[in-house]
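Encoded as structure tokens, the structure appears first; notes follow it.
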Amino acid sequence: MSTLPFHALVGLDAAQQALLLLAVEPRLRGLVVTASAGTGKSSLARGMRLLLNDEAMPFVEIPPGVDAENLYGGLNLEATLRRGEMVL
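Listed below in structure tokens is the structure:
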């Protein structure tokens with residue numbers, strides 16, 4: 623799967639700004655980006671990883687159809703971000 627450069631993605635200005643803030647502010651611990659299918663969410667995250675040159679950056683893809691209640695109710699978000707894999 624190819625990765626587009628972070629700046630090449632259009633229409634995701636708020637998410638791009640949030641990712642840039644996440645990159646420079648150590649007190650921010652993670653970000654959840656939600657949007658319709660095919661809007662570039664995964665490409666945006668992969669582009670950020672490429673921009674930072676950090677393959678170790680945690681990146682968790684949440685399956686389609688998972689609502690906020692199911693996501694936050696069963697997912698240990700802090701441990702998931704720390705390990706880079708789902709922790710329930």
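Just add 622 to the spot in the sequence shown (first one is 1) and you have this note's numbering.
All C-beta atoms in this analysis are idealised placements derived from N, C-alpha and C, irrespective of residue type, glycine included.
All values reported here derive from a predicted model rather than from experimental measurement.
Closest to residue i by CA distance: which of the options is it?
i	options	result
L674	R651, V646, A637, G695	V646
N698	D689, E691, A690, M708	M708
R704	L672, D689, G652	G652
Determine the direct distance from the alpha carbon of residue j to that of residue i, and round the result to whole angstroms.
i	j	result
A637	V655	7 Å
Q639	G633	12 Å
G660	P686	11 Å
My output table needs one value for residue i: the three-state DSSP class, helix, strand or coil.
i	result
V709	coil
S665	helix
L634	coil
N717	Missing from the structure shown is residue 717; the chain here goes from 623 to 710 and no further.
Inset, instruction - Decide if the segment 680-697 is in contact with the segment 655-670; the criterion is three or more beta carbon pairs, one per stretch, under 8 Å apart. - result: yes
Legend entry - 4-residue-minimum alpha helix (DSSP H) runs that sit fully inside the segment 642-687, ordered along the chain: 663-674
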